[in-house]
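Residue numbering for the sequence shown follows the working numbering, starting at 29 and increasing by one per position.
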Amino acid sequence: MDEQRYKGGLEVRRAVLGDEYVERATANVTDFNDQFQKLVSEFCWGECWTDETLSRRERSILNLGMIAALGRMQEFEIHFRGAMRNGVSVDELRAVLIQIAVYAGIPAGVDCFRSAKKVLDALEAE
Numbered sequence: 029m030d031e032q033r034y035k036g037g038l039e040v041r042r043a044v045l046g047d048e049y050v051e052r053a054t055a056n057v058t059d060f061n062d063q064f065q066k067l068v069s070e071f072c073w074g075e076c077w078t079d080e081t082l083s084r085r086e087r088s089i090l091n092l093g094m095i096a097a098l099g100r101m102q103e104f105e106i107h108f109r110g111a112m113r114n115g116v117s118v119d120e121l122r123a124v125l126i127q128i129a130v131y132a133g134i135p136a137g138v139d140c141f142r143s144a145k146k147v148l149d150a151l152e153a154e
């Protein structure tokens, strides 16, 4: 493991997803999933998200499209919240979700709007 890439990945992961989310993820590490959690922080966040070729905002928009097309709604909710943290406005998110519906299918769009509402309602309640 590249310690610098891992530490940089954790830093970006916290900035995008929030300390609370990362604390929960790392608190649930066991011998079984320890290597996987390190891989996520080192490569997803440390290798990909620290590359400044694309902004975090652009990466968030890309992730929403890919995660929606894969039908991973729990992960979609996490990255929807992260996209807002990365400066994607609610109007822009709506446009992203409409584009997802057109290109990934209406059922994917329905799931995305349902998940987005859940996140927006939770943020409003906070």
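By construction, the Cβ of each residue, glycine as well, lies at the ideal position given by its N, Cα and C atoms.
Nearest neighbour of residue i, chosen from the options [CA to CA]
| i | options | result |
| --- | --- | --- |
| Ile-128 | Phe-60, Glu-48, Glu-70 and Gly-99 | Gly-99 |
| Val-118 | Ala-144, Phe-64, Arg-84 and Phe-60 | Ala-144 |
| Asp-139 | Phe-108, Phe-64 and Leu-151 | Phe-108 |
Nearest-angstrom Cα separation, counted from residue j out to residue i
| i | j | result |
| --- | --- | --- |
| Thr-78 | Lys-66 | 16 Å |
| Phe-71 | Tyr-49 | 18 Å |
| Ala-123 | Ala-153 | 24 Å |
Nearest-angstrom Cβ-Cβ length linking residue i and residue j, presumed shorter than 8 Å
| i | j | result |
| --- | --- | --- |
| Ser-88 | Asn-114 | 5 Å |
| Gly-74 | Arg-33 | 4 Å |
| Ala-111 | Leu-125 | The pair is not a contact, with the Cβ atoms about 11 Å apart (cut-off 8 Å). |
| Val-147 | Arg-84 | Incorrect: roughly 18 Å between the Cβ atoms, too far for contact. |
Buried/exposed call for residue i, threshold 16 Cβ in 10 Å
| i | result |
| --- | --- |
| Phe-64 | exposed |
| Val-130 | exposed |
| Asn-91 | buried |
| Ile-134 | exposed |
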